[in-house]
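Scroll down for the structure; my scribbles are underneath it.
2 protein chains.
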Amino acid sequence: MAPPSKHRRATVHDVAAAAGISRGTVSRVLNGGYVSAEARAAIEAAIAEVGYVPNTAARNLVMRRSQAVGFLALEPHSLLLEDPNIGAIMLGANEVLSVADHQMVNLVVDSARDTERVARYLSGGFVDGAIIVSARTHDPITRVIAELKLPATFVGHPPDLHRSIPFVGIDNVGSARAITERLAATGRRHIGMIAAALDRDSGADRLTGFRAALGARFDPRLVAEVPLYDYASGVKGMRELLEREPGIDGVFAASDAVAAGAMEVLRDAGRGVPSDVGIVGFDDSSWASRTQPALSTVHQPAREIGRNAAELVLRQLRDEGPANVLLPTPIVWRASA
Amino acid sequence: MAPPSKHRRATVHDVAAAAGISRGTVSRVLNGGYVSAEARAAIEAAIAEVGYVPNTAARNLVMRRSQAVGFLALEPHSLLLEDPNIGAIMLGANEVLSVADHQMVNLVVDSARDTERVARYLSGGFVDGAIIVSARTHDPITRVIAELKLPATFVGHPPDLHRSIPFVGIDNVGSARAITERLAATGRRHIGMIAAALDRDSGADRLTGFRAALGARFDPRLVAEVPLYDYASGVKGMRELLEREPGIDGVFAASDAVAAGAMEVLRDAGRGVPSDVGIVGFDDSSWASRTQPALSTVHQPAREIGRNAAELVLRQLRDEGPANVLLPTPIVWRASA
DNA sequence: TTGTATGCGTTATCAG
DNA sequence: CTGATAACGCATACAA
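Chains as they are written, first to last, in our numbering: chain A, 41 to 377; chain B, 41 to 377.
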């Protein structure tokens, strides 16, 4: 009996041969099954001898499940790098998937080529389910997942097109409204907003909430639209606001990073925070405690969101009916307003 | 001919049946092969009809390659969330893997349970290779990879134990020495260092370079040791330094994030930067341009590192001999020193 | 308890 | 050009 050729990994077949026992029995000791002590001993020795390591991929083919779920963030990459939220969501999801003995595989989609390849990967049987953050309704990946009926969960706003896929998120409208009202209650007269990512539901919703809070006092001239939830956008937006209304004394930034950028501009302009202008953010990310003064903001329970998202795909894997979940977002009042 | 049962996905077999042609021919139209126009048309119609989507996992089993490579960062998670470098490395790696039509799968290892599961995943045939950032020599995952002879690349310092695995990195010693010398050249008398992550090669090497630059003027009292490359550590380290030597007028922070934390402390303490104390960092991350004044630092070509790491595993996949690569790290002199 | 045979969904080989 | 048939590495129902 010739040894396995140089670059071939040992298989069940090999250990069976080495132990002088059938493959079926080998499989039985690997998983749980009735097998005599002697047979078990012989096989375990053989396993060590030939250096056997099971091929999970082959096992999955017959088992028809991969014990893996994909995690993908459909964001511009700059944000993927900067946003601490998505990292926390990821970790939260991994936590629950891990105890359920599922492998979380993180897929980055950063180009059209990526999109196509990831779609293939998702439909190729490598994952049992998927968690998608920041889905856009017309995203090809979202479409593929829906068509495949792959168990999935959206985090963020529910894309209207795919009612069948549950989501976990927060009430962006309500939260934005609440913190804006809180800001207004400090007696500010000219409250503006740096509205980011209006092409995304979260961004649009936050603006909606802001507008609702101000009611008749809402002044469209006082909202600066910026593309991303990041620091640079905050700088840009605050400059714009200051130029349009030098008397501005309150601002709601669409994210903490945006707020941090805005505060930088205010400091350069010699405005005191919160003495001259009160500012509030959104996310309660690490940015919030890093600013000077510390930022008042909306707490976004990122880790919990991740956990719930994972839980939701596991439910579907167990054929339990999925249910959407909306997590609470307490206001964290610090010193910036 | 009964339709495939409710929750079974259509297979090659099904489309063959639907088209009234053999499976072999179906496979040929899927991949490239000689097949008549009529047969092709019939099969394509059948594919659409039954909603066939290829099972890549099954294909990989017979092909003996997964067209996927794992990417794992063995970092404390706080860092994974904060360090923009690793994100950039990831994106760089994905770039080259993507054009090579390989799927990059990001694995997070965040607990002992994760470690074991990821090791199984890696050895289970799900990936053809792996990129490991911040490997520690005694990490179980590193060991598994070495034993499996899985084509891999380390990014960072080469773990001495596994000479067979190539690495891509930068010259931490040289870079640290260079920027410290540059700082000293501005006439500073009492130069300290906030040394982070000394348990990692990069951290230890930066301290070595710092020491080398100062030579006889090196004063061990002026190095504050902190655990991580993050903002909070910078705060802690700078406080320590200020207490030990109020006359300190220069500091080399082990990373930009650390430098940012340190600058915060200096500002609170009423010290001018760079008038009273000059400060330099490491990484040239987004932190560097965000500080006030902008940070002088060592540019770390994160994206290039990622690209090279990917290239290195692809080389091994093609059976080309691997070669380590050390990337240049230009000094970027801004306003903080 | 153990061995045998069959199937998971593809690709590949080799006659027709 | 096309159709059987044999792998790929593993699990499992069934028979022994």
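Glycine is no exception: its CB is placed at the ideal position from the N, C-alpha and C atoms.
Since we're looking at a predicted model, the values are computed, not measured.
Residue i, DSSP secondary structure in three states
{"i": "D323 (chain A)", "result": "strand"}
{"i": "Q356 (chain B)", "result": "helix"}
{"i": "P43 (chain A)", "result": "Low per-residue confidence applies at P43 (chain A): pLDDT is 38, beneath 50, and the placement is therefore not dependable, though the value from the model is reported in the following sentence. It is coil, neither helix nor strand."}
{"i": "V148 (chain B)", "result": "coil"}
{"i": "L70 (chain A)", "result": "helix"}
{"i": "H53 (chain A)", "result": "helix"}
{"i": "S329 (chain A)", "result": "helix"}
{"i": "T248 (chain B)", "result": "helix"}
{"i": "G227 (chain B)", "result": "coil"}
{"i": "V93 (chain B)", "result": "coil"}
{"i": "E84 (chain B)", "result": "helix"}
{"i": "I171 (chain B)", "result": "strand"}
{"i": "I288 (chain B)", "result": "coil"}
{"i": "S315 (chain A)", "result": "coil"}
{"i": "G232 (chain B)", "result": "strand"}
{"i": "I345 (chain A)", "result": "helix"}
{"i": "V75 (chain B)", "result": "coil"}
{"i": "S336 (chain A)", "result": "strand"}
{"i": "L281 (chain B)", "result": "helix"}
{"i": "A294 (chain B)", "result": "coil"}
{"i": "G165 (chain B)", "result": "coil"}
{"i": "G209 (chain B)", "result": "strand"}
Contacts of residue i in chain A (Cβ-Cβ under 9 Å)
{"i": "L70 (chain B)", "result": "Neighbours of L70 (chain B) on chain A: none; closest Cβ ~12 Å, over 9 Å."}
{"i": "R153 (chain B)", "result": "S138, V139, D141"}
{"i": "S204 (chain B)", "result": "Neighbours of S204 (chain B) on chain A: none; closest Cβ ~15 Å, over 9 Å."}
{"i": "N212 (chain B)", "result": "Chain A residues near N212 (chain B): none, gap ~22 Å exceeds 9 Å."}
Proximal residues of chain A, C-beta to C-beta of residue i below 7 Å
{"i": "M130 (chain B)", "result": "V148"}
{"i": "L101 (chain B)", "result": "A97, A98, L101"}
{"i": "M144 (chain B)", "result": "V148"}
{"i": "S163 (chain B)", "result": "V93"}
8 Å Cβ cutoff, residue i in contact with chain B
{"i": "N348 (chain A)", "result": "no"}
{"i": "F194 (chain A)", "result": "no"}
{"i": "F166 (chain A)", "result": "yes"}
Neighbour flag for residue i against chain A, beta carbons, 8 Å
{"i": "Q340 (chain B)", "result": "no"}
{"i": "R251 (chain B)", "result": "no"}
{"i": "M303 (chain B)", "result": "no"}
{"i": "D141 (chain B)", "result": "yes"}
{"i": "D241 (chain B)", "result": "no"}
{"i": "V93 (chain B)", "result": "yes"}
{"i": "Y269 (chain B)", "result": "no"}
{"i": "R330 (chain B)", "result": "yes"}
{"i": "P44 (chain B)", "result": "Residue confidence for P44 (chain B) is low, a pLDDT of 39 falling below 50, so the modelled location carries little weight; the figure read from the coordinates is stated next. Taking Cβ atoms only, chain A never reaches closer than 8 Å to P44 (chain B), which makes this a no."}
{"i": "R157 (chain B)", "result": "yes"}
{"i": "F322 (chain B)", "result": "no"}
{"i": "S19 (chain B)", "result": "Outside the modelled stretch of chain B, which goes from 41 to 377, sits residue 19 (chain B), for which no answer is possible."}
{"i": "M41 (chain B)", "result": "For M41 (chain B), the predicted structure reports a pLDDT of 37, less than 50, and the residue's modelled location is therefore unreliable. The matter cannot be settled from this model."}
Per-residue burial, residue i [other beta carbons within 10 Å of its own, 16 or more giving buried]
{"i": "E187 (chain A)", "result": "exposed"}
{"i": "E78 (chain B)", "result": "exposed"}
{"i": "M103 (chain B)", "result": "exposed"}
{"i": "H53 (chain B)", "result": "exposed"}
{"i": "D324 (chain B)", "result": "buried"}
{"i": "A59 (chain A)", "result": "buried"}
{"i": "R217 (chain B)", "result": "buried"}
{"i": "L366 (chain B)", "result": "exposed"}
{"i": "R311 (chain A)", "result": "buried"}
{"i": "D316 (chain B)", "result": "exposed"}
{"i": "S204 (chain B)", "result": "exposed"}
Contacts that residue i makes with chain B (C-beta to C-beta distance below 7 Å)
{"i": "R160 (chain A)", "result": "T96"}
Chain-ordered chain B contacts of residue i [CB-CB under 8 Å]
{"i": "S67 (chain A)", "result": "Those within 8 Å of S67 (chain A) in chain B number zero; the least Cβ separation is about 16 Å."}
Neighbouring residues, chain A, relative to residue i (Cβ below 8 Å)
{"i": "N134 (chain B)", "result": "V148, D150, D154"}
Practice problem: Could you say if the segment 169-176 of chain A and the segment 154-170 of chain B meet the contact criterion of at least three C-beta pairs nearer than 8 Å? | Solution: no
Quiz item: Given 8 Å as the limit, is there contact between the segment 248-266 of chain B and the segment 276-288 of chain B, that is, 3 or more CB pairs closer than that?
Solution: yes
Quiz prompt | Three-pair Cβ contact test at 8 Å for the segment 249-258 of chain B versus the segment 205-224 of chain B | solution = yes
Exercise. Spell out a yes or no on whether the segment 347-366 of chain B and the segment 127-136 of chain B are touching, meaning 3 or more CB-CB pairs, one atom from each, closer than 8 Å.
Key: yes
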